[in-house]
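Numbering-wise (the working numbering), the sequence shown opens with residue 1 and increments by one.
Note that CB positions come from ideal geometry on N, CA and C, so glycine has one too.
A quick write-up on the structure given underneath.
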Amino acid sequence: MYKVFYKPTEDKWMGDIMPFGKDGKFYLYHQRDPRKPGPLTDNDEPFGWSLSTTTDFVNYEDHGDAIPAGSADDPAQWIYAGSVFEADGKVQAFYTGYNKKAEQEGRASQVLLHGVSTDFDHFQKNVDKLLLPAQEGYDKTDWRDPWVIWNEDKQEYLLILGTRLAGPKSKLTGRIVSFTSKNLKDWTFQGDFFAPNLYTGLEMPDLFKMGDWWYLLYTEYSEQSKTRYRMSKNIDGPWLKPQDDSFDGRAYYAARTAFDGKRRVLFGWVPTREEGKGDKVNWEWGGTYVPLELVQRNDGTLATKLPDELTNQFTEETHLTDLSIDNQTGRTEKIIAQNAGKHFVLDMDVTCQDDISNIALRFFKNVETDESYQYLLSADDRRLVFDKSPEWPWFQMMNKGLDRPLAKSEFEKMHIKLMVDDDIAVIVVNGISLIARVYQKFGDDVALAVSNGKAEFSNITLRK
Numbered sequence: 001m002y003k004v005f006y007k008p009t010e011d012k013w014m015g016d017i018m019p020f021g022k023d024g025k026f027y028l029y030h031q032r033d034p035r036k037p038g039p040l041t042d043n044d045e046p047f048g049w050s051l052s053t054t055t056d057f058v059n060y061e062d063h064g065d066a067i068p069a070g071s072a073d074d075p076a077q078w079i080y081a082g083s084v085f086e087a088d089g090k091v092q093a094f095y096t097g098y099n100k101k102a103e104q105e106g107r108a109s110q111v112l113l114h115g116v117s118t119d120f121d122h123f124q125k126n127v128d129k130l131l132l133p134a135q136e137g138y139d140k141t142d143w144r145d146p147w148v149i150w151n152e153d154k155q156e157y158l159l160i161l162g163t164r165l166a167g168p169k170s171k172l173t174g175r176i177v178s179f180t181s182k183n184l185k186d187w188t189f190q191g192d193f194f195a196p197n198l199y200t201g202l203e204m205p206d207l208f209k210m211g212d213w214w215y216l217l218y219t220e221y222s223e224q225s226k227t228r229y230r231m232s233k234n235i236d237g238p239w240l241k242p243q244d245d246s247f248d249g250r251a252y253y254a255a256r257t258a259f260d261g262k263r264r265v266l267f268g269w270v271p272t273r274e275e276g277k278g279d280k281v282n283w284e285w286g287g288t289y290v291p292l293e294l295v296q297r298n299d300g301t302l303a304t305k306l307p308d309e310l311t312n313q314f315t316e317e318t319h320l321t322d323l324s325i326d327n328q329t330g331r332t333e334k335i336i337a338q339n340a341g342k343h344f345v346l347d348m349d350v351t352c353q354d355d356i357s358n359i360a361l362r363f364f365k366n367v368e369t370d371e372s373y374q375y376l377l378s379a380d381d382r383r384l385v386f387d388k389s390p391e392w393p394w395f396q397m398m399n400k401g402l403d404r405p406l407a408k409s410e411f412e413k414m415h416i417k418l419m420v421d422d423d424i425a426v427i428v429v430n431g432i433s434l435i436a437r438v439y440q441k442f443g444d445d446v447a448l449a450v451s452n453g454k455a456e457f458s459n460i461t462l463r464k
């Protein structure tokens, strides 16, 4: 059971989140997947959109169904992703309707639909079918996840969505296309908005401005499955790639943002593993939602942090002793906390010798078997990697995509925050986050290890 992470019902998992923010409140429209018998369209029970609201990421109000699922003949039998915004004095929802029978019969199975509401809670479904069909040359089975904003400069609405070119999915033709409209009814296709030719498909686009920069977010349809971003001084591009263009790793999917008037927050979900609880198997669609607050760096790139309200729920604080670990020719490890449990927050400041190889932060450690989960901060490889330690017998974890770039310069001075809440772990190193599922509880200890160098650890606190 989670201490801080939100799960609306015990028998369903959260899917894509369509966030909207206003006056300090976040409206989280989302899918609830019953997995009967499997996730997404393997369900016998289609899903619509449900709504939960929060002002602090600790207390939530469950509003139930906002847009219900449909019958076997409804073009919105399942309701895939879309966006929610205010216009013309009403709350507007543009969403993707999916019909399983249409796909089986070779018809367009994903159509863009429109709903309206006067109270945020309940939408009139399928008010009209948006005249936004898959355009000639594009894949009619991958045409989804509309995102709508008002373009103040051009005085028109801009809609972007994820798609790919028609043809084999082995081809890397994923792209984002755009439409424009003056009235939300009559739309003009504007062609490719972003076509990097890097992925099979692009999903869950998002577009917003922070300061002088525009940011284009998307989730890549690939084995990495990361939410990435591009940046530009102009809403029409060109879209520049930052050196580190992702927000997290493989275990944080389909993230989109909302601004409540004070802060912009990223809302994605942490997938579960196939076949129940295991580290070696692949990921499933849907899981547990986690918010990450966005922070703009001086150069315009984006960092992430855990909302303070989450970590402030851990109130039993212990100050641990500062320590130095120095081993110039090998590896030295020290236990820093015993009986940490499975709900805790660990903070520390770290400074490193220039030629250090790596630092390992180990938790759920069993001192008898030496098994644990581990975040490895590798100066040699310039990577932050999550894994099981030791990896024996090889391999013990399918961790493809559970890594982030970590520049050598970050090792000069680091702040590390690790939050563990039952089966979810989140580390943030100087604004670089990496989330993982942690199903096995090997033990209760926390340890630090240093290889081929020296590191100083100070201001270490453990909160439960």
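* How long is the line joining the alpha carbons of V265 and N339, rounded to whole angstroms? -> Position 265 of the sequence shown holds residue 265. Position 339 of the sequence shown holds residue 339. V265 and N339 have their alpha carbons spaced roughly 33 Å apart.
Would you please state the rounded distance, in angstroms, between the beta carbons of L216 and L207? I believe it to be under 8 Å.
-> Translated into the one-based positions of the sequence shown, residue 216 becomes position 216. Translated into the one-based positions of the sequence shown, residue 207 becomes position 207. That belief holds up - the Cβ atoms of L216 and L207 are roughly 6 Å apart, short of 8 Å.
Quiz item: What distance in whole Å lies between the Cβ atoms of W239 and S232, which are believed to be in contact at a cut-off of 8 Å?
Solution: Locating residue 232 in the sequence shown gives position 232, counting from the first residue. Locating residue 239 in the sequence shown gives position 239, counting from the first residue. Their Cβ separation, rounded to whole angstroms, is 5 Å, which keeps S232 and W239 in contact under 8 Å.
Going by alpha carbons, who is nearest to D74 out of D380, W143 and A102? Here the question's residue 74 lines up with position 74 in the sequence shown. For D74, the nearest C-alpha among the options comes from A102.
**Prompt:** Do three or more CB pairs link the region 445 to 462 to the region 298 to 309 at distances below 8 Å?
**Reply:** Put simply, the region 445 to 462 does not touch the region 298 to 309. Fewer than three CB pairs are less than 8 Å apart.
- Message: Quick check on D349: does DSSP put it in helix, strand or coil?
- Response: Taking the first residue of the sequence shown as position 1, residue 349 is located at position 349. Strand.
Checklist line | Ordered list of alpha helix (DSSP H) runs contained in the region 109 to 135, each at least 4 residues | finding: For secondary structure counted as the alpha helix (DSSP H) over 4 or more consecutive residues, the region 109 to 135 holds no complete run.
Inset, instruction - Pick out whichever of R383, Q396 and D422 has its Cα sitting closest to the Cα of A407. - result: Position 407 of the sequence shown, counting from 1, holds the residue named residue 407. Distance check between A407 and each of R383, Q396 and D422 places R383 closest, using alpha-carbon atoms only.
Out of Q135, Y60, R228 and D347, state which residue places its alpha-carbon closest to the alpha-carbon of M414. Taking the sequence shown and counting its residues from 1, one reaches residue 414 at position 414. Minimum Cα distance to M414 is reached at D347.
TODO: Could you tell me which of P390, V367 and T369 sits nearest to L376, measuring between CA atoms?
DONE: Along the sequence shown, one-based indexing puts residue 376 at 376. Out of P390, V367 and T369, P390 has the C-alpha closest to the C-alpha of L376.
May I have a chain-ordered list of the alpha helix (DSSP H) segments no shorter than 4 residues that lie completely inside the region 5 to 52? With a minimum length of 4 residues, no continuous alpha helix (DSSP H) run stays inside the region 5 to 52.
Open item on the list: Could you give the first and the last residue of the continuous alpha helix (DSSP H) run that contains D308?
Closed with: Within the sequence shown, the letter at position 308 stands for residue 308. Counting along the chain, the alpha helix (DSSP H) containing D308 begins and ends at D308 to T311.
Item to complete: Have a look at F5 and F26 and give me their C-alpha separation to the nearest angstrom.
Response: Reading the sequence shown from its first residue, position 5 is the one you call residue 5. Reading the sequence shown from its first residue, position 26 is the one you call residue 26. Their backbone Cα atoms lie some 15 Å apart in a straight line.
Using DSSP with H/G/I as helix, E/B as strand and the rest coil, what is Q243? Your numbering for residue 243 matches position 243 in the sequence shown. Q243 falls in the coil class under three-state DSSP.
> Beta-carbon separation of I416 and V429 under 9 Å?
Replying inline: Here residue 416 is taken as the residue at index 416 of the sequence shown, counted from 1. Here residue 429 is taken as the residue at index 429 of the sequence shown, counted from 1. In this structure, V429 lies closer than 9 Å to I416 by Cβ.
In the DSSP assignment, what residue or residues form a beta bridge with F457?
As a working mapping, residue 457 is identified with position 457 in the sequence shown. BP columns for F457 point to L323 and V350.
Review point. Quick one, are the C-beta atoms of D147 and L130 less than 9 Å apart?
Key: Position 147 of the sequence shown holds residue 147. Position 130 of the sequence shown holds residue 130. Checking the displayed sequence, the identity of residue 147 turns out to be Trp instead of Asp. Cβ atoms of W147 and L130: not closer than 9 Å.
Q.
So, at 8 Å on beta carbons, what are the nonlocal neighbours of I176 in its own chain, with the 5 sequence-adjacent residues on each side left out?
A. For the purposes of this step, residue 176 is identified with residue 176 of the sequence shown, where counting begins at 1. Hits under 8 Å: I160, L161, G162, T163, D192, F193, F194, A195, L202, P205, L216 and Y218.
Exercise for the section: For chain C, find out if any of its Cβ atoms is closer than 9 Å to the Cβ of T53; answer yes or no. Expected result: The chain inventory of the structure shown lacks chain C, comprising one protein chain alone.
With a CB to CB cut of under 6 Å and the five nearest residues on each side skipped, what residues in its chain are close to G401?
Walking along the sequence shown from the start, residue 401 turns up at place 401. Here G401 has Q224, G249 and R250 as same chain residues with Cβ atoms under 6 Å from its own Cβ, once five neighbours each way along the sequence are excluded.
For N399, the nearest candidate out of K209, W283 and A69 (CA to CA)
Against the sequence shown, residue 399 aligns to sequence position 399. Nearest neighbour of N399 by Cα position, chosen from K209, W283 and A69, turns out to be W283.
Next item on the list: Just tell me which of M14, V295, F259 and G167 has its CA closest to the CA of D139.
Entry: Stepping through the sequence shown from its first residue, residue 139 is reached at position 139. Of the candidates M14, V295, F259 and G167, the one whose C-alpha sits nearest the C-alpha of D139 is G167.
| said: So, at 7 Å on beta carbons, what are the nonlocal neighbours of V12 in its own chain, with the 5 sequence-adjacent residues on each side left out? | reply: Taking the sequence shown and counting its residues from 1, one reaches residue 12 at position 12. Rather than Val, the amino acid found at residue 12 in this sequence is Lys. Shown here for K12: same chain residues with a beta carbon closer than 7 Å to its own, the five before and five after excluded, namely R32, D33 and P34 in chain order.
Checklist entry - Hey, would you say W143 sits closer than 9 Å to Q104, going by beta carbons? => result Numbered from its first residue, the sequence shown carries residue 143 at position 143. Numbered from its first residue, the sequence shown carries residue 104 at position 104. The Cβ-Cβ distance between W143 and Q104 does not fall below 9 Å.
Self-check item: Coil, strand or helix - S83 by DSSP
Solution: One-based indexing of the sequence shown puts residue 83 at position 83. Strand, per DSSP.
With H, G and I counted as helix, E and B as strand and the rest as coil, what does DSSP make of A102? Taking the first residue of the sequence shown as 1, we reach residue 102 at position 102. Three-state DSSP puts A102 in a helix.
Looking only at DSSP bridge pairs, what is A93 linked to? The residue given as residue 93 occupies position 93 in the sequence shown. Note: A93 sits in a beta bridge opposite V84 and G115.
Query raised in the report: With respect to the beta strand (DSSP E) encompassing Y439, which residues constitute its N-terminal and C-terminal limits?
Result: By one-based count along the sequence shown, residue 439 stands at place 439. That residue, Y439, is in no beta strand (DSSP E); it is neither H nor E in DSSP.
message = Let me make sure I understand the geometry here. Which of F20, F123 and K182 has the alpha-carbon closest to that of G48?
response = Here residue 48 refers to the residue found at position 48 when the sequence shown is read from its first residue. Checked all of F20, F123 and K182; the closest Cα to G48 is F123.
Every unbroken beta strand (DSSP E) inside the region 261 to 306 [3 residues or more]: Taking only runs of at least 3 residues, the beta strand (DSSP E) segments lying wholly in the region 261 to 306 are 264 to 273, 283 to 296 and 302 to 305.
Problem set entry | 8 Å contact criterion, which K90 and S117 should meet: CB distance rounded | Locating residue 90 in the sequence shown gives position 90, where the first residue counts as 1. Locating residue 117 in the sequence shown gives position 117, where the first residue counts as 1. Going by Cβ atoms, the distance from K90 to S117 rounds to 7 Å, so yes, they are a contact pair.
E274 versus A66: straight-line alpha-carbon distance, rounded: One-based indexing of the sequence shown puts residue 274 at position 274. One-based indexing of the sequence shown puts residue 66 at position 66. If you take the alpha carbons of E274 and A66, they lie about 29 Å apart.
Secondary structure of S372, DSSP reduced to three states:
In the sequence shown, residue 372 corresponds to position 372, counting from 1. In the structure shown, S372 adopts extended strand secondary structure according to DSSP, grouped into three states.
*asked:* On the DSSP bridge list, what partners appear for N366?
replied: Against the sequence shown, residue 366 aligns to sequence position 366. The partner list for N366 (beta bridge, DSSP) is empty, contrary to what the question assumes.
query: Is M14 buried or exposed, if buried means 16 or more other CB atoms sit within 10 Å of its CB?
result: Looking up residue 14 in the sequence shown gives position 14. Burial call: buried.
Q) Where does S178 fall in DSSP's three states? A) Counted from its first residue, the sequence shown places residue 178 at position 178. For S178, the secondary structure class from DSSP, reduced to helix, strand or coil, is strand.
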